[in-house]
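Visitor: The structure under discussion is supplied below as structure tokens; questions concerning it will follow.
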Amino acid sequence: MSGDGESAYAAAGVDYSTLDAGKRLALTEALASSAALAAHGGRALDVSRGEPAFVFEFDGRAFAFVMEGLGTKAVASRQVAEQLGINRFDAVAVDTVAAIVNDLCCVGALPLVVNAYFATGSSDWYRNAEWHQALVRGWSEACATAGATWGGGESPSLPGLVAAEDIELAGSAVGALPAGRAPILGQDLAPGDEIVMVASSGLHANGASLARMVAERLPGGWATPLPSGRAYGDALLDPSIVYAPLVAALADADVPVSYYSHVTGHGLLKLMRPDRRLTYRITALPEVPEVLAFLAEQAGMDAHQAYSTLNMGSGYAVYAPAGTGTRIVEIARGLGLDALVAGAVEEGPRQVVVEPVGVVYADSELDLTPDR
418 MSGDGESAYA AAGVDYSTLD AGKRLALTEA LASSAALAAH GGRALDVSRG
468 EPAFVFEFDG RAFAFVMEGL GTKAVASRQV AEQLGINRFD AVAVDTVAAI
518 VNDLCCVGAL PLVVNAYFAT GSSDWYRNAE WHQALVRGWS EACATAGATW
568 GGGESPSLPG LVAAEDIELA GSAVGALPAG RAPILGQDLA PGDEIVMVAS
618 SGLHANGASL ARMVAERLPG GWATPLPSGR AYGDALLDPS IVYAPLVAAL
668 ADADVPVSYY SHVTGHGLLK LMRPDRRLTY RITALPEVPE VLAFLAEQAG
718 MDAHQAYSTL NMGSGYAVYA PAGTGTRIVE IARGLGLDAL VAGAVEEGPR
768 QVVVEPVGVV YADSELDLTP DR
């Protein structure tokens with residue numbers, strides 16, 4: 418497959434410029450509702466609007482709420498099951514919970530309750546007991562990893578909206594900041610802060626529509642072997658990493674954290690999510706998972722496109738004061754996570770400079786802030 422990688426992703430149905438405009442409009446309207454929380458004795462932290470999770474306060478304690486969806490990776494799971502005979506619905510359940518709680522943890526909150534949304538195109542989806550059991554098992558295990566209670570959820574049948582053979586996965590979560598801790602919203606970011614990159618396990622929850630389009634164009638489809646010999650579809654469905662234990666461990670160890678970034682949609686562009694005039698300089702990167710290198714190559718993406726679309730091996734970023742990065746890496750590795758001190762925050766224009774691949778992302782390439 419050749420051609421413009423950015424256009425390829427838009428052709429797969431994902432155009433970030435259009436999506437971001439819709440997000441900004443919704444966030445601007447949402448701002449007007451903050452007074453309703455005050456009527457109940459709470460307070461909305463409007464500065465959190467545009468961050469991965471919404472933060473609010475009651476009785477002097479800060480809480481966070483988030484809703485997230487998996488996208489079309491469950492479609493890939495069904496297609497891989499049909500072509501390769503591999504049941505990975507447990508993995509896509511983990512992906513969904515990880516998408517939810519990893520966003521929640523970005524503001525420093527630890528998950529309390531996770532709810533599920535399983536929407537099928539037909540109730541017949543549940544007749545495949547192996548798929549259903551794997552889905553429930555994966556969701557339960559991921560909640561346990563995150564330290565959260567699975568509270569319940571919704572399982573509508575939506576014929577005409579969801580394809581009869583498929584399931585849409587999403588969910589929501591509420592979490593709490595550790596007592597006495599302020600939410601992490603970028604207010605403490607400063608030049609000199611170190612940026613620690615924690616490795617991903619592969620695709621995670623972003624890029625599945627592009628991955629499916631690539632599979633459709635490969636002669637072997639999902640069975641196409643990667644250079645290692647592993648099937649493309651099998652590698653693509655490796656479950657996401659749940660980073661909540663790392664956030665909890667850093668809080669328990671009183672490690673000062675200036676900011677967290679969950680590297681999903683927009684790739685490394687998300688490193689400049691804070692609405693701050695700062696430069697984020699990356700001088701080292703985690704190894705790119707084989708399946709992501711293959712996907713970027715087959716989609717015809719150059720480095721600028723690949724690193725602003727896929728995670729390319731970086732799953733979570735932790736920003737912390739100078740001299741703290743090594744300690745964060747040690748704690749991450751103690752949890753079985755690969756991590757490295759990848760760069761630093763500098764004075765300068767709002768941009769991300771990714772030196773190892775020769776890419777610079779300008780301020781204008783990411784805007785998720787509402788009109789205030």
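If you use our numbering, the sequence shown corresponds to residues 418 to 789, in order.
In this text, a Cβ means the ideal position worked out from N, Cα and C, and glycines have one as well.
Being a predicted model, the structure only gives us computed values, none of them experimental.
1. DSSP three-state call for H679: helix, strand or coil?
2. Curious, which full-length beta strand (DSSP E) runs of at least 3 residues does the segment 456-510 contain?
3. Identify which residue in A593, V769 and P600 has its Cα closest to the Cα of Y677.
4. Within this structure, are the beta carbons of Y736 and D610 separated by less than 8 angstroms?
5. For A470, which residues from the same chain have a beta carbon less than 7 angstroms from its beta carbon, with the 5 sequence-adjacent residues on both sides left out?
6. Just the Cα atoms here: how many angstroms apart are A652 and I745?
7. Quick test of the definition: if touching needs 3 or more C-beta pairs under 8 angstroms, does the segment 634-642 touch the segment 615-623?
8. Taking its Cβ as the centre, do 16 or more other Cβ atoms sit within 10 Å of G467, making it buried, or is it exposed?
9. Nearest chain C C-beta to A599 closer than 8 angstroms, yes or no?
10. When you compare the CB positions of A587 and T513, do they come within less than 8 angstroms of one another, or not?
11. In or out: F473 buried (at least 16 other Cβ within 10 Å) or exposed?
12. Do you know how far the Cα of G459 is from the Cα of S618?
13. Could you tell me which residues DSSP pairs with L529 in its beta bridges?
14. For P706 and D476, what's the separation of their Cα atoms in angstroms?
15. Expressed to the nearest angstrom, what Euclidean distance is found between the alpha-carbon atoms of G650 and N545?
16. Quick check on DSSP: helix, strand or coil for T566?
17. If I'm right that I748 touches L667 with Cβ under 8 angstroms, what's the distance once you round it to whole angstroms?
18. Buried or exposed: which applies to V777, given that a residue is buried once 16 or more other Cβ atoms fall within 10 Å of its Cβ?
19. Roughly how many angstroms lie between the CA atoms of A759 and R694, to the nearest whole one?
20. Report all residues from its chain with a CB closer than 7 angstroms to the CB of P691; omit the five preceding and five following residues, and keep chain order.
21. DSSP state of P773, grouped into three classes?
22. Can you give me the Cβ contacts of R495 inside the same chain, cut-off strictly under 7 angstroms, excluding the 5 residues immediately before and after it?
23. Look up G619 in the DSSP assignment and say whether it is helix, strand or coil.
24. What are the start and end residues of the beta strand (DSSP E) that includes G588?
25. Do you know offhand how far H679's Cα is from R750's?
26. Under a three-way DSSP split, which group does T726 fall into?
27. Checking 8 angstroms against the spacing of the C-beta atoms, do S657 and P703 come in under that value?
28. For A632, report the span of its alpha helix (DSSP H) as first-last.
29. Look at A447 and L454 and say whether their C-beta atoms are less than 8 angstroms apart.
Guide: On the basis of the supplied data:
1. In the three-state DSSP reduction, H679 falls in the strand class (E or B).
2. With a minimum length of 3 residues, the continuous beta strand (DSSP E) runs that stay inside the segment 456-510 are 459-461, 471-475 and 478-486.
3. For the residues A593, V769 and P600, the minimum Cα distance to Y677 belongs to P600.
4. Yes; because the gap between Cβ atoms is below 8 angstroms, this pair is in contact.
5. A481, F482, V483, D520, L521, C523, V524 and A526, listed in sequence order.
6. Using only the alpha carbons, I get a separation of about 28 angstroms.
7. Contact fails: fewer than three Cβ-Cβ distances are below 8 angstroms.
8. A buried status is given to G467, since no fewer than 16 other beta-carbon atoms sit within 10 Å of its beta-carbon.
9. The structure shown contains no chain C; it holds only a single protein chain.
10. A Cβ-Cβ contact shorter than 8 angstroms links A587 with T513.
11. By the 16-neighbour rule on beta-carbons within 10 angstroms, F473 is buried.
12. So the two alpha carbons sit approximately 39 angstroms from each other.
13. Partner(s): none; L529 has no beta bridge.
14. Their backbone Cα atoms lie some 45 angstroms apart in a straight line.
15. Looking at the two C-alpha atoms, the distance is approximately 20 angstroms.
16. Three-state DSSP puts T566 in a strand.
17. Yes, they are in contact, since the Cβ atoms of I748 and L667 sit about 6 angstroms apart, within 8 angstroms.
18. Burial call: exposed.
19. Using only the alpha carbons, I get a separation of about 20 angstroms.
20. Here the set comprises G603, L606 and Y676.
21. Correct three-state label for P773: helix.
22. Around R495: E582 and D583.
23. Looking at G619 - three-state DSSP - the assignment turns out to be coil, as it is neither helix nor strand.
24. That run of the beta strand (DSSP E) goes I584 to A593.
25. When only Cα atoms are considered, H679 and R750 end up about 18 angstroms apart.
26. Reduced to three states, the DSSP call for T726 is coil.
27. Not in contact: S657 and P703 (Cβ atoms no closer than 8 angstroms).
28. Following the DSSP letters along the chain, one finds A632 inside the alpha helix (DSSP H) bounded by residues A625 to R634.
29. Not in contact: A447 and L454 (Cβ atoms no closer than 8 angstroms).
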